[in-house]
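Enquirer:
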Amino acid sequence: MTGDFVPVLVLAVVTVGVVGAIYGMSRLVGVDREPLRAAPFGSGLLPGEHALSRFHVRWYTLTMLFLAFDMEMVFMYPWTRVVAAVGASAVIEMFSFLAVLLAGVAYAWREGAMRWA
Amino acid sequence: MVESASLWAVLAVLPLLGGAAVVAVCADRALAARAAGQPYGPRTIAAGVGSDTARLLVGQRRTTLAPDRLLWRLGLIAVPTAAVLAAAVIPFGRWAVDDLGVGVVWFNGMEIATWAALWAAGWGPNSVLSLVGGYRMVAQGLAYELPHMFALIGAATAAGSLQVGTIVAHQRHLWFAVWMPVGFVVYLLSVLGFSFTGPFDQPAGVDVAGGVFAEVAGPDRLILAAGRWLLLTAGAAMAVPLFLGGGLGPVLPAWAWSTVKTFAVLGVLVGVRRSVPTVRLERWMPVAWTVLIPLTIAQDLIAALVAVSR
Amino acid sequence: MGVTHRMLRAAARRPHVLVAAMPTGTPIRLAVEAQLRRRNWPTAWSPADADVLVVCGSVPTGLRTAVEELWAEIPGPRSRTCVVAAVLAPGALDAAKARLAMPNQERSGTPGRSDPRAHATPPDQMAAGAMSPPGPDPADRHLDVSPDQDPAGQGEAHQGSGPDIDQQGPEHPSMSHGDMDDGMSMPAGLAMAERGDDRDGLKLDQLHATLGPLLVGWPAGLVLRVTLQGDIIQSARGELVGAQGRGSFWVEPATRAMYGEAVTVGEAARRTAGCYLDRLGRFLCVAGWPDPAAAARVLRDDVLAGAAHHEVASRFAAVARRVGRSRTLRWMTTGLGVLGAADATALGVTGPVARAGGDVTARYRQWLAEAAEMLDLVDDPVLLTAHGDGRALGYLHDAVTPPEPLLAAIERLVVGAEIGAARLIVASFDPDVDEMAGHPASVADG
Numbered sequence: 011m012t013g014d015f016v017p018v019l020v021l022a023v024v025t026v027g028v029v030g031a032i033y034g035m036s037r038l039v040g041v042d043r044e045p046l047r048a049a050p051f052g053s054g055l056l057p058g059e060h061a062l063s064r065f066h067v068r069w070y071t072l073t074m075l076f077l078a079f080d081m082e083m084v085f086m087y088p089w090t091r092v093v094a095a096v097g098a099s100a101v102i103e104m105f106s107f108l109a110v111l112l113a114g115v116a117y118a119w120r121e122g123a124m125r126w127a
Numbered sequence: 003m004v005e006s007a008s009l010w011a012v013l014a015v016l017p018l019l020g021g022a023a024v025v026a027v028c029a030d031r032a033l034a035a036r037a038a039g040q041p042y043g044p045r046t047i048a049a050g051v052g053s054d055t056a057r058l059l060v061g062q063r064r065t066t067l068a069p070d071r072l073l074w075r076l077g078l079i080a081v082p083t084a085a086v087l088a089a090a091v092i093p094f095g096r097w098a099v100d101d102l103g104v105g106v107v108w109f110n111g112m113e114i115a116t117w118a119a120l121w122a123a124g125w126g127p128n129s130v131l132s133l134v135g136g137y138r139m140v141a142q143g144l145a146y147e148l149p150h151m152f153a154l155i156g157a158a159t160a161a162g163s164l165q166v167g168t169i170v171a172h173q174r175h176l177w178f179a180v181w182m183p184v185g186f187v188v189y190l191l192s193v194l195g196f197s198f199t200g201p202f203d204q205p206a207g208v209d210v211a212g213g214v215f216a217e218v219a220g221p222d223r224l225i226l227a228a229g230r231w232l233l234l235t236a237g238a239a240m241a242v243p244l245f246l247g248g249g250l251g252p253v254l255p256a257w258a259w260s261t262v263k264t265f266a267v268l269g270v271l272v273g274v275r276r277s278v279p280t281v282r283l284e285r286w287m288p289v290a291w292t293v294l295i296p297l298t299i300a301q302d303l304i305a306a307l308v309a310v311s312r
Numbered sequence: 004m005g006v007t008h009r010m011l012r013a014a015a016r017r018p019h020v021l022v023a024a025m026p027t028g029t030p031i032r033l034a035v036e037a038q039l040r041r042r043n044w045p046t047a048w049s050p051a052d053a054d055v056l057v058v059c060g061s062v063p064t065g066l067r068t069a070v071e072e073l074w075a076e077i078p079g080p081r082s083r084t085c086v087v088a089a090v091l092a093p094g095a096l097d098a099a100k101a102r103l104a105m106p107n108q109e110r111s112g113t114p115g116r117s118d119p120r121a122h123a124t125p126p127d128q129m130a131a132g133a134m135s136p137p138g139p140d141p142a143d144r145h146l147d148v149s150p151d152q153d154p155a156g157q158g159e160a161h162q163g164s165g166p167d168i169d170q171q172g173p174e175h176p177s178m179s180h181g182d183m184d185d186g187m188s189m190p191a192g193l194a195m196a197e198r199g200d201d202r203d204g205l206k207l208d209q210l211h212a213t214l215g216p217l218l219v220g221w222p223a224g225l226v227l228r229v230t231l232q233g234d235i236i237q238s239a240r241g242e243l244v245g246a247q248g249r250g251s252f253w254v255e256p257a258t259r260a261m262y263g264e265a266v267t268v269g270e271a272a273r274r275t276a277g278c279y280l281d282r283l284g285r286f287l288c289v290a291g292w293p294d295p296a297a298a299a300r301v302l303r304d305d306v307l308a309g310a311a312h313h314e315v316a317s318r319f320a321a322v323a324r325r326v327g328r329s330r331t332l333r334w335m336t337t338g339l340g341v342l343g344a345a346d347a348t349a350l351g352v353t354g355p356v357a358r359a360g361g362d363v364t365a366r367y368r369q370w371l372a373e374a375a376e377m378l379d380l381v382d383d384p385v386l387l388t389a390h391g392d393g394r395a396l397g398y399l400h401d402a403v404t405p406p407e408p409l410l411a412a413i414e415r416l417v418v419g420a421e422i423g424a425a426r427l428i429v430a431s432f433d434p435d436v437d438e439m440a441g442h443p444a445s446v447a448d449g
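Chains as they are written, first to last, in my numbering: chain X, 11 to 127; chain U, 3 to 312; chain V, 4 to 449.
What follows is the structure in structure tokens.
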């Protein structure tokens, strides 16, 4: 089973190697090995403070809902392989579960969780 | 039907995917040049691509004040890497680098990696515009990801397998795109989403001076731009086995059908990219959740019923 | 060096250009944009993507540090040029390109580069036909000006070509120290973000950022200082920098007519139509729709160059149909930046914004409608003054209005908007600094 992933691993190594080669080539032919140290672009003005901060994402409530669905996906991927064998009961169970989650979406939408500006 | 090729096939992935991506870039530029009344012959366009590559290779790298170097660099490198790794499970005609039993999940996982990668690339330079771009990618992921997964699951359910080769084999009589059009269209939209292209280019939007691109120069910019087009190409190529019957088709060999279909999908995606203005997430988010998710779930229900009744 | 030199030459074949538009530099910007299109040189969106910095027009005092800062942020290989007259654009661009391809043109990582003094233009960069402005005293870049960050100070900042725009922060990042951490509280000499109340009553990090003065698709000379929480604007304070009271390029024929010169209706209408097309190009660029934006700019240049009505009418109709009927664009702009007719009057806003009396959608549609009207008049040989009724004069003039009321409206409407939405709102107002008070007289009310 783990042997299945050998080609993928090799491909990962090759890809990172090619990326490294691009950087290497740029070091060889580039006008300058030292990167330019500049202020971040602020339309011509310098920043007054660090940009890295606790960025207030307005869609944070949606992330909760997303997590619920994401957990559901963990079940749904294996479910696709057995649904034909198990039959109608598998379909009913999965889509009842999805209906519950969709009720959550409807609630979140009504509460305005999808608007952030 | 589809078999994992020998290990040497690994070396073919980058040229094939990269070549297709370069063709897509050229098509995109030709359309742009035509709109601006500029010459758009193949030679002009190819020279432009060559010159742009040269300038990024020869150009100086750039760092900002107190950047998060590690995350920044990791994010940039992860974008093309994820695109190429996603392509590992895509069959080219009868061969795939690795026709994993969980191929669909693997593709999904690689594509999700670009969320993190782009966020890191936006966070790294300690720049407001870049940061906003990075967070826009996370918001964009929240919008497209679930419909995308349901579209993938629709194809997997219909075939009763997560192996891409098996999914192709199940389309011998009828392409999934024909009887699962919603899943197909949603899949194409999400390809534009995860490659931050076309109408879904807010993470790299002009309104934030390029967002995740705002602070990167030289080879860093080359890597990120290449990653973006590789993602688009990998997404287009994956649409072929998932919904368009892979290498199946009359007369021509399987690899030729894969190529033709991939370029057709790429052409559609590039056409959409050039003909629709940027879709702001603030407006797109409610549509994705309240329209696309229910629609794709309904699509999956149909797929499940078909699978059970077979 | 052989390979590098050859690659430098290949790269210089198609340099990416950062266009810094100066107030009063409109005709120069138009010439530069037309040249770039002809040469197939793309426009950069940020210094990181630029090879050439093209300053369009002479740099007013208020924008000197901004231009120098932009230059300092461009990685090598790079070159700059300042175009002071439209006819000089081709030569200036040629010279800038030639400098780019020179081997060893600038080893910019060498110590001299991070020295602010390096930003003063060396004499060899004075190209024939192009003149670089004298660099500012390097010390200027390190002035610690404490800006007035009090949001209550809104509305007082609309001075014209006053002193240099303030740098924002409490302290400047010290470039010579680079990324050294100077202390726990001020890494790299920069403060950390502080917290402030948000609209939901939460205490959250605030970022202070500036939009403008030198941004792609941004009106020349406009600076909008915003407080952000996430990507939402909490408060905004605008400034108009670099006005010289010479009047806008777009109303110049009408102004000449007002002073008794013989100007035809066609000439004035041509200029006004060009103004709307220019605006449309900027707006569509910000909306992330480059192809119709490019088409609008091509049309603009053709109209201003004197193309006859029949040469441009059908092409304009095609662009107007595409833009006016786009459902996606309408969906993205509907309900954005609503300024009703009553509010417009209260703020003293006139012109197309007041006539549209609505959201961003209403405003771009108003431009399309008025541009079509103007295009119908471009071949009208009647003298503007001979029209006699005065209304024609005022109407033709009215595409550009004093920017102060527009800025007041922008400051109000961008609050609560996400950055992308705010950019669309600003582009839909498109204040023209050149029309600031100090302009000899106004004929807007006929």
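Glycine included, each C-beta is placed from N, C-alpha and C at the ideal position.
Are the CB atoms of V:Met25 and V:Ser49 nearer to each other than 8 Å?
Expert: It is not a contact, given that the beta carbons lie outside the stated cut-off.
Enquirer: Quick one: Cα of X:Gly34 to Cα of V:Ile77, how far?
Expert: If you take the alpha carbons of X:Gly34 and V:Ile77, they lie about 22 Å apart.
Enquirer: In or out: U:Arg64 buried (at least 16 other Cβ within 10 Å) or exposed?
Expert: The residue is buried, with at least 16 neighbouring Cβ atoms inside 10 Å.
Enquirer: Could you check the C-alpha separation between X:Leu75 and V:Leu218 for me, to the nearest Å?
Expert: Those two C-alpha atoms are separated by around 37 Å.
Enquirer: Check each candidate in U:Leu176, U:Val214 and U:Ala228 and name the one with the smallest Cα separation from U:Val308.
Expert: Closest by alpha carbon: U:Leu176.
Enquirer: Go through the stretch 100 to 132 of chain U residue by residue and report every complete run of the beta strand (DSSP E) that reaches 3 residues or more, in order.
Expert: Fully enclosed beta strand (DSSP E) runs of 3 or longer: not present.
Enquirer: Who are the near neighbours of V:Asp153 in its chain, counting only those whose CB is closer than 6 Å to its CB and skipping five residues on each side?
Expert: Residue placement at V:Asp153 is flagged as unreliable, the pLDDT there being 34, under the threshold of 50; a coordinate-derived value is accordingly withheld.
Enquirer: Could you tell me the distance, in whole angstroms, from the CA atom of V:Ser431 to the CA atom of U:Gly248?
Expert: One C-alpha to the other measures close to 47 Å.
Enquirer: Closer than 8 Å by beta-carbon distance: list the chain X residues that pair up with V:Pro50, in chain order.
Expert: In chain order: Ala48 and Phe51.
Enquirer: Helix, strand or coil: which one does DSSP assign to V:Gln128?
Expert: Low confidence applies here, because V:Gln128 scores a pLDDT of 35, under 50, leaving its location unreliable and the question unanswered by this model.
Enquirer: Let's test the definition: count the other Cβ atoms within 10 Å of the Cβ of V:Asp379 and tell me whether it reaches 16, buried, or not, exposed.
Expert: By the 10 Å Cβ count, V:Asp379 comes out exposed.
Enquirer: Looking at U:Leu102: is its Cβ nearer than 8 Å to the Cβ of U:Gln173?
Expert: The answer is no: Cβ separation not under 8 Å.
Enquirer: Could you list which residues in chain U have their beta carbon closer than 8 Å to that of V:Glu421, in chain order?
Expert: Arg282 and Glu284, listed in chain order.
Enquirer: Using a Cβ-Cβ cut-off of less than 9 Å, give me the residues of the stretch 60 to 94 of chain X that come near chain U, in sequence order.
Expert: Per Cβ criterion, the list reads His60, Ala61, Leu62, Ser63, Phe65, Val67, Arg68, Trp69, Leu72, Thr73, Leu75, Phe76, Phe79, Asp80, Met83, Met86, Tyr87, Pro88, Trp89, Thr90, Arg91, Val92, Val93 and Ala94.
Enquirer: Using a Cβ-Cβ distance under 8 Å, would X:Phe105 count as near chain U?
Expert: Chain U, which has a Cβ nearer than 8 Å to the Cβ of X:Phe105, makes this yes.
Enquirer: Give the DSSP-derived three-state secondary structure of V:Val235 in the structure shown.
Expert: Looking at the sequence itself, residue 235 of chain V is Ile, so the reference to Val does not match. If DSSP states are grouped into helix, strand and coil, V:Ile235 belongs with the strands.
Enquirer: Would a check of beta-carbon distances place U:Ala146 closer than 8 Å to chain X?
Expert: Position check: residue 146 of chain U holds Tyr in this sequence, whereas Ala was assumed. Chain X contact via Cβ: absent.
Enquirer: When you compare the CB of X:Arg120 with every CB in chain V, is at least one pair closer than 8 Å?
Expert: Not one chain V Cβ lies under 8 Å of X:Arg120.
Enquirer: For my contact list, V:Val363 and V:Thr331 are in at a C-beta cut-off of 8 Å; report their separation, rounded to the angstrom.
Expert: Not really, about 14 Å apart at Cβ, beyond 8 Å.
Enquirer: Measuring CB to CB, does U:Leu194 end up less than 8 Å from U:Phe202?
Expert: Yes.
Enquirer: Which same chain residues, not among the five before or five after U:Ala290, have their C-beta less than 7 Å away from its C-beta?
Expert: Result list for U:Ala290: Ala145, Tyr146 and Pro149, in chain order.
Enquirer: For a cutoff of 8 Å on Cβ pairs, would you count V:Gly451 as touching chain X?
Expert: No answer is possible for residue 451 of chain V: it lies beyond the span of chain V, which begins at 4 and ends at 449.
Enquirer: Listed in chain order, which residues of the stretch 29 to 43 of chain X have Cβ atoms closer than 9 Å to some Cβ of chain V?
Expert: So the close ones are Leu38, Val39, Gly40, Val41, Asp42 and Arg43.
Enquirer: According to DSSP, simplified to helix, strand and coil, what is X:Gly97?
Expert: Coil at X:Gly97, not helix or strand.
Enquirer: Enumerate, from N- to C-terminal direction, the unbroken alpha helix (DSSP H) stretches of 4 or more residues contained entirely within the stretch 60 to 100 of chain V.
Expert: Listed in chain order, the complete alpha helix (DSSP H) runs (minimum 4 residues) inside the stretch 60 to 100 of chain V are 67 to 75.
Enquirer: If the cut is a Cβ gap below 8 Å, which residues of chain X does U:Tyr137 touch?
Expert: Those within 8 Å of U:Tyr137 in chain X are Phe65 and Val67.
Enquirer: Would you mind working out which of U:Tyr42, U:Gly212, U:Val107 and U:Glu217 sits nearest U:Leu67, comparing C-alpha positions?
Expert: That would be U:Glu217, whose Cα lies nearest to the Cα of U:Leu67.
Enquirer: Quick check on the DSSP output: the alpha helix (DSSP H) that includes X:Arg68 runs from which residue to which?
Expert: Taken as a continuous stretch (DSSP letters only), X:Arg68 belongs to no alpha helix (DSSP H), as it is neither H nor E.
Enquirer: On a Cα-Cα basis, can you pick out the residue from U:Pro17, U:Gln62 and U:Arg223 that is closest to V:Arg81?
Expert: The shortest Cα separation from V:Arg81 among U:Pro17, U:Gln62 and U:Arg223 belongs to U:Gln62.
Enquirer: Cβ atoms of V:Val35 and V:Val86: under 8 Å apart, would you say?
Expert: Closer than 8 Å, so yes.
Enquirer: By DSSP, does V:Gly199 sit in helix, in strand, or in coil?
Expert: Correct three-state label for V:Gly199: strand.
Enquirer: If I measure Cβ to Cβ from V:Thr267 and keep anything under 7 Å in the same chain, skipping five residues before and after, which residues do I get?
Expert: Result list for V:Thr267: Asp383, Pro384, Val385, Leu386 and Leu387, in chain order.
Enquirer: Please confirm whether V:Leu274 and V:Asp433 have their CB atoms less than 8 Å apart.
Expert: This sequence places Arg at residue 274 of chain V; Leu is not what is there. Their beta carbons are not under 8 Å apart, which means V:Arg274 does not touch V:Asp433 by this criterion.
Enquirer: Just reading off the alpha helix (DSSP H) that U:Ala90 is part of, what are its end residues?
Expert: Unbroken run through U:Ala90: none, as it is neither H nor E.
Enquirer: Residues of chain U with CB under 7 Å from V:Trp334, in chain order?
Expert: What V:Trp334 touches in chain U: Arg285.
Enquirer: Have a look at V:Ile236 and V:Val289 and give me their C-alpha separation to the nearest angstrom.
Expert: Cα to Cα, V:Ile236 sits roughly 17 Å from V:Val289.
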